[in-house]
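First residue of the sequence shown? That's 201 in our numbering, and the numbers climb one at a time after it.
Every residue, glycine too, gets a C-beta built ideally from N, C-alpha and C.
Here the structure is a predicted model, which means the values were calculated and not measured.
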Amino acid sequence: GAQQTLIRDLLDRGEPAKSDLTPREEEIVKLVAEANTTREIDEMLHLSEKTVENHRANAMRKLGMRDRVELVRYAIRQGLIDP
């Protein structure tokens with residue numbers, strides 16, 4: 201029905217290539233998609249929270265994404281994380 205069509209449309213929507221991201225942005229996207237907090241990421245990568253937030257925001261802007269849910273879906277489709 202309509203719900204399946206909507207889901208199919210969302211899944212079939214083209215995604216920007218991950219090559220648009222810097223290696224650091226891709227790493228941040230992966231860690232965000234794995235449900236790590238900004239603080240956890242900054243401790244893992246030895247970065248400031250602001251730097252982590254900037255990388256995440258830049259990645260989301262480049263990918264045209266509005267929230268973490270879209271970021272997780274992107275990470276799964278690009279093979280950055282397992283579903």
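Measuring alpha carbon to alpha carbon, tell me which residue in the options is nearest residue i.
| i | options | result |
| --- | --- | --- |
| residue 252 | 263, 222, 276, 239 | 239 |
| residue 279 | 223, 202, 230 | 230 |
| residue 250 | 202, 228, 273, 204 | 228 |
Are the beta-carbon atoms of residue i and residue j separated by less than 9 Å?
| i | j | result |
| --- | --- | --- |
| residue 257 | residue 221 | no |
Which residues in the same chain as residue i place their Cβ atom closer than 7 Å to its Cβ, once the five residues preceding and following it in sequence are excluded?
| i | result |
| --- | --- |
| residue 234 | 281 |
| residue 224 | 255 |
So, at 6 Å on beta carbons, what are the nonlocal neighbours of residue i in its own chain, with the 5 sequence-adjacent residues on each side left out?
| i | result |
| --- | --- |
| residue 272 | 233 |
| residue 241 | 231, 252 |
| residue 268 | none |
Going along the chain, which residues of its own chain have a beta-carbon closer than 8 Å to the beta-carbon of residue i, five neighbours each way excluded?
| i | result |
| --- | --- |
| residue 262 | 216, 220, 221, 225 |
| residue 244 | 231, 236 |
Which runs of the alpha helix (DSSP H) at least 4 residues long sit entirely within the region 212 to 256? Give them in chain order. Scanning the region 212 to 256 for uninterrupted alpha helix (DSSP H) segments of 4 residues or longer gives 223 to 233, 238 to 245, listed from N- to C-terminal end.
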